[in-house]
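**Q**
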Amino acid sequence: MQRNRYHHLSWHHGIELFEAAFSTQTFSRHAHAGFATGAIAEGAGGYVCRGESMVLPAGSLSLMNPEEPHTGHAAAGRVHYNMLYVPESAVLGLRDLRGFAEIAPRDHGFRLTRALHVLARRLNGRTGGWR
């Protein structure tokens, strides 16, 4: 079963949250306009990015720079992850971030994974401001 949800925060710098839970869906080579920060909550996700094929188990972060081409798929069975998309202008206005050097660090203690999960749960209970 595929279960994906998309939330768009229209009143906050265009921030978006993508909740993904699937086993057979694949994403062909694509890129995002802003920074993409994701956390694998369950299973394992895979992608090709920067010429390298990667498998990200639960507890891994996925950090993509704007316009960085990559693919996506479930690497083993089912994968569940949350991905936060933030426009470059919103991030650069807060700090001088030049981009992510590492694209798949570990989320030790699952802190970001849990935070994105809580955000997704809260968004699913709201209607105002999100679509």
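Under UniProt numbering, the letters of the sequence shown match residues 1 to 131, in that order. Backbone N, C-alpha and C fix where the C-beta goes; we use that ideal spot for every residue, glycine too.
(1) With distances taken from CA atoms, which of A39, F22, S28 and A76 is nearest P69?
(2) By alpha-carbon positions, which one of L9, T71 and N4 ends up nearest to Y85?
(3) With I40 and L56 assumed to form a contact (beta carbons below 8 Å), what rounded beta-carbon distance in angstroms separates them?
(4) When the Cα atoms are used, what is the spatial distance from Q25 to L92?
(5) Name the DSSP bridge partner or partners of L63?
(6) State the beta-bridge partners of T71 as determined by DSSP.
**A** Based on what the coordinates show:
(1) Mapped onto the sequence shown, residue 69 falls at position 69. Residue S28 is the option with its Cα nearest to P69.
(2) Mapped onto the sequence shown, residue 85 falls at position 85. Ranking the options by Cα distance to Y85, first place goes to L9.
(3) Counting from 1 along the sequence shown, the entry for residue 40 is found at position 40. Counting from 1 along the sequence shown, the entry for residue 56 is found at position 56. Confirmed, Cβ separation roughly 5 Å.
(4) Locating residue 25 in the sequence shown gives position 25, counting from the first residue. Locating residue 92 in the sequence shown gives position 92, counting from the first residue. Taking the straight line from one Cα to the other gives about 33 Å.
(5) For the purposes of this step, residue 63 is taken as the residue at position 63 of the sequence shown. L63 pairs with T37.
(6) The residue given as residue 71 occupies position 71 in the sequence shown. None; T71 has no bridge partner.
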